[in-house]
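Colleague: Listed in order, the protein sequences are those of chains B and D. 1 is the number of the first residue of the first sequence in the working numbering; add one for each residue after it. 250 is the number of the first residue of the second sequence in the working numbering; add one for each residue after it. Beta carbons are placed, not taken as given, at the ideal position from N, Cα and C, and that holds for glycine. Got a structure for you, written out below as structure tokens; questions coming shortly.
Protein chains: 2
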Amino acid sequence: MLQLRPISAECVARRAASACDSCGARAFSVCGGLAEQDLLRLDALAERINLRPGEALTRQGDPADHLFNITSGSVRVFGLMPDGRRQITGFLFSGDFLGLAAEADYAFSAEAIEPVTVCRFDAREYRALMLRTPALEAQLFRRMSHELTAARDQMMLLGRKTAVERLASFLLDLPTHDPARPTAPGHVRLPMTRSEIADYLGLTIETVSRALTRLKTTGVIRLLSLTELRIEQPDRLRAIAQGETRSCA
Amino acid sequence: MLQLRPISAECVARRAASACDSCGARAFSVCGGLAEQDLLRLDALAERINLRPGEALTRQGDPADHLFNITSGSVRVFGLMPDGRRQITGFLFSGDFLGLAAEADYAFSAEAIEPVTVCRFDAREYRALMLRTPALEAQLFRRMSHELTAARDQMMLLGRKTAVERLASFLLDLPTHDPARPTAPGHVRLPMTRSEIADYLGLTIETVSRALTRLKTTGVIRLLSLTELRIEQPDRLRAIAQGETRSCA
DNA sequence: CGCAGCCTTGACCATTATCAACGCTGGTGG
DNA sequence: CCACCAGCGTTGATAATGGTCAAGGCTGCG
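Here it is, written out as structure tokens:
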């Protein structure tokens with residue numbers, strides 16, 4: 001498995017390089033705190049897997065046997081109701097972890113959006129390694145803490161924000177999580193479909209489309225293509241996201 | 250501070266006694282895994298505080314200097330938007346932890362609903378103790394993991410469920426978290442106001458009231474008083490919560 | 001070139017929010 | 001002891017946001 005060694009090194013490098021504004025520096029220092037031998041142990045558990053769009057990493061209800069570290073591409077995490085209603089609870093990008101649950105079964109499904117490469121770990125072995133590696137445990141602790149804060153922000157969005165406010169919040173958040181975003185400031189890549197955005201924001205595709213149009217016609221954003229746009233007026237977009245204006249409602 | 254010793258023992262006992270259906274057994278074993286000397290160290294950091302309804306444990310934006318363990322009563326955790334819109338992200342009851350964040354500042358506010366007693370820890374000392382106490386770390390790791398799963402379920406509720414489905418889900422969930430619930434099966438205590446329920450479910454008080462009335466008139470629940478009700482048809486309530494019926498829509 | 005899939009736009013509808021009035025309940029003071 | 005008041009909850013009428021249904025457009029691929 002020695003040929004796998006570059007994988008976790010790559011994970012660490014990507015996460016360090018990612019400008020996750022709120023946690024970049026911290027994540028880097030934690031990753032940096034992992035000793036060379038810890039990385040080697042991680043590699044021994046790792047398996048590299050390629051997934052095509054739509055293929056599943058985890059399925060709601062299946063035994064939680066694996067942990068994943070996304071190496072490239074993007075992933076949707078979602079739950080389904082019996083009648084097919086879908087709620088996407090998050091998008092994952094390279095550097096993100098998946099499957100960090102204490103439960104025996106996955107509570108949610110995860111599927112590739114774009115072609116994805118992941119680093120897959122056996123959950124039991126990973127947990128055992130974690131117990132022996134405080135730096136790794138601390139790293140995951142911080143990640144879970146950030147995820148929890150993000151989850152609460154998302155509750156605020158879903159419970160109390162209007163359609164336009166939700167979309168504005170989404171457009172501001174997305175590039176801070178996607179290391180594959182374009183380098184030009186204000187440029188946002190949308191690797192997911194309108195349907196996925198809708199299921200993430202608790203809306204329908206039509207409402208997402210209309211909200212985008214409204215932001216476009218008011219000059220706050222410019223659509224460069226279906227999957228790329230530019231934020232023309234960041235301050236106004238922030239104001240809208242926080243509900244500080246009725247000008248766009 | 251020796252007189253504080255009973256506090257964490259009490260916390261442990263309460264958590265163990267609570268029939269948190271999904272995690273009760275596990276939480277108990279983890280708490281049981283704490284050695285006597287770990288409990289003593291915890292006590293040395295602990296300070297008992299009483300709060301009256303409406304008083305704050307944490308405030309959005311304040312430095313996150315403390316951790317809390319609720320000993321009795323109930324607490325609302327919430328975020329506010331600039332214009333006053335409120336989203337309650339969770340209710341906490343005796344045995345629950347608060348303030349487990351890696352961030353420097355509290356991201357959300359927490360206030361007492363009923364008269365509350367808490368066990369307050371200095372965050373830095375607690376973290377230091379955690380590093381020296383793997384059992385404590387593992388316990389918190391599990392709790393965070395459960396919270397994360399609960400947060401995702403709540404996203405499903407807020408993003409995709411109807412008003413009646415939200416209320417049904419809430420009534421089923423609440424007693425599994427509230428150790429002070431009445432002992433009679435099917436009895437649910439509502440220590441929070443309609444306004445708090447509304448802000449938790451992403452609705453208005455009027456819609457909460459109407460949804461309760463609908464569940465009452467269809468015979469699924471019976472209102473015993475403003476703050477207490479009985480679930481008459483648990484299976485039907487579960488079906489409604491999962492959206493498996495249109496009979497109540 | 002044509003088709004399939006996704007996106008946008010429009011017309012209409014439904015759920016829920018808003019506004020308003022009324023009722024209940026518990027505490028206070030005449 | 002009863003009346004009043006304040007606060008919370010319920011109910012009703014109306015309005016608005018977002019959902020549903022439907023048609024048409026764009027884009028990329030065979």
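1) Could you tell me the distance, in whole angstroms, from the CA atom of Leu167 (chain B) to the CA atom of Arg479 (chain D)?
2) Name, going along the chain, the residues of the stretch 391-404 of chain D whose beta-carbon falls closer than 7 Å to a beta-carbon of chain B.
3) Return the residue from the list B:Ala46, B:Glu47, B:Arg76 that minimises the CA-CA distance to Glu55 (chain B).
4) Pick out the complete alpha helix (DSSP H) segments inside the stretch 194-224 of chain B, 4 residues or longer, and give them in chain order.
5) Would you list, in chain order, the members of the stretch 304-338 of chain D that have their beta-carbon closer than 7 Å to a beta-carbon of chain B?
6) Tell me which same chain residues have a C-beta within less than 8 Å of the C-beta of Ile88 (chain B), skipping the five on either side of it?
7) Can you say whether Arg152 (chain B) is buried or exposed, counting buried as having 16 or more other CB atoms within 10 angstroms of its CB?
8) Arg160 (chain B) CB to nearest chain D CB: under 7 Å?
9) Would you kindly report the start and end of the unbroken beta strand (DSSP E) that includes Phe357 (chain D)?
10) In the structure shown, what three-state DSSP assignment does Gly73 (chain B) receive?
11) Report buried or exposed for Ser109 (chain B), applying the criterion of at least 16 other Cβ atoms within 10 angstroms of its Cβ.
12) Is there a Cβ of chain D sitting closer than 7 Å to that of Ala135 (chain B), yes or no?
13) Do Leu140 (chain B) and Ala241 (chain B) have their C-beta atoms closer together than 7 Å?
14) Give the DSSP-derived three-state secondary structure of Gln336 (chain D) in the structure shown.
15) Given this structure, state the Cα-to-Cα distance separating Glu493 (chain D) from Met81 (chain B), to the nearest angstrom.
16) Taking only the alpha-carbon atoms, compute the straight-line gap between Leu100 (chain B) and Thr466 (chain D) and give it to the nearest angstrom.
17) Buried or exposed: Asp235 (chain B), going by 16 or more other Cβ atoms within 10 Å of its Cβ?
18) So, is the C-beta of Glu228 (chain B) closer than 7 Å to a C-beta in chain D?
19) Looking at the C-beta of Gly243 (chain B), does it have a partner C-beta in chain D at a distance below 7 Å?
20) Closer than 7 Å by beta-carbon distance: list the chain D residues that pair up with Phe97 (chain B), in chain order.
21) Does the Cβ of Arg369 (chain D) have 16 or more other Cβ atoms within 10 Å, making it buried, or fewer, making it exposed?
22) In chain order, what residues of the same chain lie with their CB nearer than 7 Å to the CB of Ala488 (chain D), ignoring the 5 residues before and after it?
23) Quick check: the Cα distance between Phe340 (chain D) and Glu165 (chain B), rounded to an integer number of angstroms?
24) Does Ala460 (chain D) get closer than 7 Å to chain B when you measure Cβ to Cβ?
25) For Gly468 (chain D), would you say it is in contact with chain B, using Cβ-to-Cβ distances shorter than 7 Å as the test?
26) Taking the alpha-carbon positions, what's the Ile70 (chain B) to Arg443 (chain D) distance?
27) Please identify the residue among D:Gln309, D:Asp292, D:Arg301, D:Arg335 whose C-alpha is closest to the C-alpha of Ile454 (chain D).
28) If you run the structure through DSSP and keep just helix, strand and coil, what is Thr366 (chain D)?
Modeller: Looking at the coordinates:
1) Position 167 of the first sequence, counting from 1, holds the residue named residue 167 (chain B). Position 230 of the second sequence, counting from 1, holds the residue named residue 479 (chain D). Whole-angstrom Cα-Cα distance: 40 Å.
2) Arg391, Met393, Ser394, His395, Glu396, Leu397, Thr398, Ala400, Arg401, Gln403, Met404
3) For the purposes of this step, residue 55 (chain B) is taken as residue 55 along the first sequence, with counting starting at 1. Cα-wise, what sits closest to Glu55 (chain B) is B:Arg76.
4) Listed in chain order, the complete alpha helix (DSSP H) runs (minimum 4 residues) inside the stretch 194-224 of chain B are 194-201, 205-217.
5) Gly328, Met330, Pro331, Asp332, Arg334, Gln336, Thr338
6) Taking the first sequence and counting its residues from 1, the one referred to as residue 88 (chain B) is at position 88. Around Ile88 (chain B): Arg76, Val77, Phe78, Glu196, Asp199, Tyr200.
7) As a working note, residue 152 (chain B) is residue 152 in the first sequence. Buried is the call here.
8) Position 160 of the first sequence, counting from 1, holds the residue named residue 160 (chain B). Interface residue, yes.
9) Counted from its first residue, the second sequence places residue 357 (chain D) at position 108. Neither: Phe357 (chain D) is in no beta strand (DSSP E) and is coded neither H nor E.
10) In the first sequence, counting from the first residue as 1, residue 73 (chain B) sits at position 73. Gly73 (chain B) falls in the coil class under three-state DSSP.
11) Here residue 109 (chain B) is taken as the residue at index 109 of the first sequence, counted from 1. Under this definition Ser109 (chain B) is a buried residue.
12) Along the first sequence, one-based indexing puts residue 135 (chain B) at 135. Chain D, which has no Cβ nearer than 7 Å to the Cβ of Ala135 (chain B), makes this no.
13) Translated into positions along the first sequence, residue 140 (chain B) becomes position 140. Translated into positions along the first sequence, residue 241 (chain B) becomes position 241. Not closer than 7 Å, so no.
14) Translated into positions along the second sequence, residue 336 (chain D) becomes position 87. Three-state result, Gln336 (chain D): strand.
15) Counted from its first residue, the second sequence places residue 493 (chain D) at position 244. Counted from its first residue, the first sequence places residue 81 (chain B) at position 81. Cα to Cα, Glu493 (chain D) sits roughly 9 Å from Met81 (chain B).
16) Taking the first residue of the first sequence as 1, we reach residue 100 (chain B) at position 100. Taking the first residue of the second sequence as 1, we reach residue 466 (chain D) at position 217. Leu100 (chain B) and Thr466 (chain D) have their C-alpha atoms spaced approximately 43 Å apart.
17) Sequence index remark: in the first sequence, residue 235 (chain B) carries index 235 (1-based). When all chains shown are included, Asp235 (chain B) counts as exposed.
18) Position 228 of the first sequence, counted from the first residue, corresponds to residue 228 (chain B). Chain D contact via Cβ: absent.
19) As a position in the first sequence, residue 243 (chain B) is number 243, starting the count at 1. Yes, because at least one Cβ of chain D sits closer than 7 Å to the Cβ of Gly243 (chain B).
20) As a position in the first sequence, residue 97 (chain B) is number 97, starting the count at 1. Neighbours of Phe97 (chain B) on chain D: none; closest Cβ ~12 Å, over 7 Å.
21) Locating residue 369 (chain D) in the second sequence gives position 120, where the first residue counts as 1. With at least 16 other beta carbons inside 10 angstroms of its own, Arg369 (chain D) counts as buried.
22) The count along the second sequence starts at 1 and reaches residue 488 (chain D) at position 239. Only Thr494 meet the Cβ criterion.
23) Position 91 of the second sequence, counted from the first residue, corresponds to residue 340 (chain D). Position 165 of the first sequence, counted from the first residue, corresponds to residue 165 (chain B). Roughly 26 Å between the two C-alpha positions.
24) Taking the first residue of the second sequence as position 1, residue 460 (chain D) is located at position 211. No, its Cβ sits nowhere closer than 7 Å to a Cβ of chain B.
25) By 1-based counting over the second sequence, the position of residue 468 (chain D) is 219. No, because no Cβ of chain B sits closer than 7 Å to the Cβ of Gly468 (chain D).
26) The residue you call residue 70 (chain B) lines up with position 70 of the first sequence. The residue you call residue 443 (chain D) lines up with position 194 of the second sequence. Their Cα atoms are separated by approximately 43 Å.
27) As a working mapping, residue 454 (chain D) is identified with position 205 in the second sequence. Looking only at D:Gln309, D:Asp292, D:Arg301, D:Arg335, the smallest Cα-Cα distance to Ile454 (chain D) is reached by D:Arg335.
28) The residue given as residue 366 (chain D) occupies position 117 in the second sequence. Strand at Thr366 (chain D).
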